[in-house]
């Protein structure tokens with residue numbers, strides 16, 4: 001009886017072990033069929049195009065909300081600085097709209113990140129089981145949320161801190177909301193993202209071409225393509241952005257010194273003039289920053305200006321370069337002129353030589369006259385040789401293609417010579433055999 005019970009227990013354990021083994025096998029097969037760990041995800045064109053259209057809407061929403069938040073921050077900063085309507089409903093409404101738009105922007109950024117993940121899933125870059133954390137987008141999302149959350153808030157109204165100015169030996173007062181207003185300028189990257197998703201460089205065709213070449217058609221790709229295709233627009237955009245943003249920052253940091261300084265930085269035109277002179281490294285000295293944060297902004301503007309000017313120089317240089325068709329036309333034009341110049345130089349050389357020969361025959365004893373006409377012959381000869389040397393440059397006789405052609409022609413000539421000798425040898429042998 002005891003043995004029968006043990007056999008039943010062993011059989012039940014074996015059956016349970018088989019069930020567990022079958023369950024593990026089925027789960028492994030399921031994973032191998034559906035996950036990207038064992039199977040490369042395939043691209044779903046319909047899902048990809050739909051997700052990308054939603055991504056465009058999300059980027060447009062981010063840009064609009066970012067611009068609204070920045071506008072509210074700038075308006076509230078001016079109202080608080082001028083001490084007008086601080087306790088009025090306009091100032092409160094502007095801060096409220098800025099806060100609401102910022103909160104909506106936070107939600108929109110989270111939605112945009114989710115749209116990007118869904119779009120990349122459709123392209124087969126991630127599996128259906130991946131999320132924001134497993135895809136490595138969580139750190140970028142947190143950093144982006146922190147940057148976009150900074151904005152002027154109601155509790156910090158009329159809250160200031162003092163900073164000692166070493167130029168005028170006085171304490172100047174800054175508002176905390178002004179610093180938060182400066183932080184809202186960082187939202188400008190939403191405009192770049194918006195251009196990227198609506199540009200021609202991020203279409204389905206560009207994605208396929210980049211994928212075949214091992215690249216990814218993202219925002220960086222779109223900006224680089226724009227700089228190569230239309231660099232003048234990029235230079236103008238960088239210049240305008242630098243002037244507007246730099247002038248705005250200088251205005252906030254330098255206007256508290258209007259009481260002590262003769263430089264009126266509260267006027268936006270003066271700050272933009274100062275930024276323009278700094279970017280172009282002219283520096284007339286009529287407007288210059290006197291505060292520490294203003295000087296830091298000036299240093300950044302100077303570096304930005306050097307970057308813009310270098311791109312501008314490169315752009316102008318490329319614009320002045322001749323195209324391949326223009327180079328061919330110029331080369332043909334120079335060759336035609338070269339023939340005329342060579343003919344004229346040869347005619348002058350012959351004429352001067354004829355004159356020298358005639359003078360030498362008529363004035364055999366007058367060495368001065370003969371030396372004078374001989375110098376004419378030498379000058380004409382040098383001019384003829386100088387023009388003749390241009391033939392190598394204009395006709396490119398030493399180019400790789402010409403050298404190859406000459407060698408091929410030489411080989412053909414040698415082969416013809418050997419063939420003729422071989423034919424003569426065959427003829428001689430046949431005559432001997434006969």
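Numbering (UniProt numbering), first residue to last: 1 to 434. Even for Gly, the Cβ is constructed at its ideal location relative to N, Cα and C. Computed from a prediction, not measured in an experiment: that's the story for all the values here.
Taken through DSSP and simplified to helix, strand or coil, residue 165 comes out as strand. Between the C-alpha atoms of residue 72 and residue 134 there is a straight-line separation of about 36 Å.
Distance from the Cα of residue 144 is smallest, within the candidate group 202, 107, 369, for 107. Taking 8 Å as the cut-off, the beta carbon of residue 274 is found no closer than this to the beta carbon of residue 260. Under DSSP, the beta-bridge partners assigned to residue 173 are 162. With a threshold of 16 other beta carbon atoms within 10 Å, residue 286 falls short and is exposed.
Going by C-alpha positions, residue 48 is about 8 Å away from residue 118. For residue 357, the enclosing alpha helix (DSSP H) starts and ends at 324-362. For residue 127, the closest of 308, 44, 226, 65 by C-alpha to C-alpha distance is 44.
Considered as a whole, the UniProt domain "Potassium channel" (240-320) harbours 268-279, 292-320 as its complete alpha helix (DSSP H) runs of no fewer than 4 residues, in chain order. Residue 133 carries a coil assignment under DSSP once its states are collapsed to helix, strand and coil. Per DSSP, the unbroken alpha helix (DSSP H) holding residue 121 starts and ends at 89-122.
If you draw a straight line from the Cα of residue 100 to the Cα of residue 282, it is about 43 Å long. Here residue 255 has 81, 265, 266 as same chain residues with Cβ atoms under 8 Å from its own Cβ, once five neighbours each way along the sequence are excluded. For residue 151, there is no enclosing alpha helix (DSSP H), as DSSP gives it neither H nor E. In the three-state reduction of the DSSP assignment, residue 69 falls in the helix class, which pools H, G and I. Taking all protein chains shown into account, residue 279 has 16 or more neighbouring C-beta atoms within 10 Å of its C-beta and is therefore buried. Under the DSSP assignment, residue 198 falls in the alpha helix (DSSP H) whose first and last residues are 189-198.
At least 8 Å separates the beta-carbon of residue 175 from that of residue 201.
A direct Cα-to-Cα measurement between residue 132 and residue 111 gives close to 11 Å. Within the same chain, Cβ atoms closer than 8 Å to the Cβ of residue 56 are found at 197, 198, the five residues on either side in sequence being excluded. The DSSP-derived three-state label of residue 44 is coil.
Residue 113 counts as buried, since no fewer than 16 other beta carbons sit within 10 angstroms of its beta carbon. With respect to the 8 Å criterion, residue 157 and residue 177 are classified as neighbours on the basis of their beta carbons. Counting along the chain, the unbroken alpha helix (DSSP H) around residue 206 starts and ends at 204-212. In the three-state scheme derived from DSSP, where H, G and I count as helix and E and B as strand, residue 380 is classed as helix. When secondary structure is reduced to three states using DSSP, residue 389 falls in the helix class. Looking from the CA of residue 190, the closest CA among 105, 296, 125, 137 belongs to 105.
In this structure the segment 58-72 does not touch the segment 158-173; the number of beta carbon pairs closer than 8 Å is below three. When secondary structure is reduced to three states using DSSP, residue 52 falls in the helix class. Contact between residue 171 and residue 162 holds: CB atoms are separated by about 5 Å, below the 8 Å threshold. If you ignore the 5 residues before and after residue 94, its C-beta comes within less than 6 Å of the C-beta of 72, 75, 76, all in its own chain and listed in chain order.
Contact fails between the segment 306-316 and the segment 350-361, because fewer than three Cβ pairs, one in each stretch, are under 8 Å apart.
In this structure residue 121 is buried. Its beta-carbon is surrounded by 16 or more other beta-carbon atoms within 10 angstroms. A direct Cα-to-Cα measurement between residue 387 and residue 361 gives close to 30 Å.
In its own chain, leaving out the 5 sequence neighbours on each side, no residue places its CB closer than 6 Å to the CB of residue 103.
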